[in-house]
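Everything on this sheet refers to the single structure shown next.
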Amino acid sequence: MSGEAAAQFNIHDAKTNLSRIIERVEHGEEIVISRAGTPVAKVIPLRRTARTGRGSLRGLLDLNEDWDSDEVNDAIARDFGLSG
Numbered sequence: 001m002s003g004e005a006a007a008q009f010n011i012h013d014a015k016t017n018l019s020r021i022i023e024r025v026e027h028g029e030e031i032v033i034s035r036a037g038t039p040v041a042k043v044i045p046l047r048r049t050a051r052t053g054r055g056s057l058r059g060l061l062d063l064n065e066d067w068d069s070d071e072v073n074d075a076i077a078r079d080f081g082l083s084g
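Under the UniProt record's numbering, the first residue of the sequence shown is numbered 1, with each subsequent residue one higher.
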């Protein structure tokens, strides 16, 4: 948005007007959802990336040499609580 304050809805009004809120967001507007006057969420337009198919990110990602090592995979499993 261009520096203007985002429109604000309380949770009840947001539930009642969800279709209208989504329509406004589709046109680029940002909407703030509040609970008891306190902002708790922001609905913003989804920015889609233009992926054309397999390999479309080639050259855009930087992977370490050990990206698929047993150590890295074990660490990821631990982070997700999948190893004991």
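Here a beta-carbon is modelled for each residue, glycine too, at the ideal position from N, C-alpha and C.
Residue i to residue j span [Cα, whole Å]
{"i": "residue 14", "j": "residue 45", "result": "16 Å"}
{"i": "residue 17", "j": "residue 56", "result": "38 Å"}
{"i": "residue 64", "j": "residue 80", "result": "21 Å"}
{"i": "residue 54", "j": "residue 62", "result": "17 Å"}
{"i": "residue 83", "j": "residue 38", "result": "40 Å"}
{"i": "residue 67", "j": "residue 12", "result": "46 Å"}
{"i": "residue 71", "j": "residue 50", "result": "33 Å"}
Alpha helix (DSSP H) segment containing residue i, residue limits
{"i": "residue 33", "result": "Careful: residue 33 lies outside any alpha helix (DSSP H), inside the beta strand (DSSP E) at 31 to 35."}
{"i": "residue 16", "result": "11 to 16"}
{"i": "residue 75", "result": "70 to 79"}
Any non-hydrogen atom of the ligand HEM within 7 Å of residue i CB
{"i": "residue 21", "result": "The ligand content of the structure shown is nil, which means the ligand HEM is not present either."}
DSSP beta-bridge partners of residue i
{"i": "residue 43", "result": "31"}
{"i": "residue 38", "result": "35"}
Assigned exposure category for residue i - 16 Cβ within 10 Å defines buried
{"i": "residue 76", "result": "exposed"}
Validate contact between the segment 2 to 11 and the segment 25 to 40 using beta carbons, cut 8 Å, 3 pairs: yes
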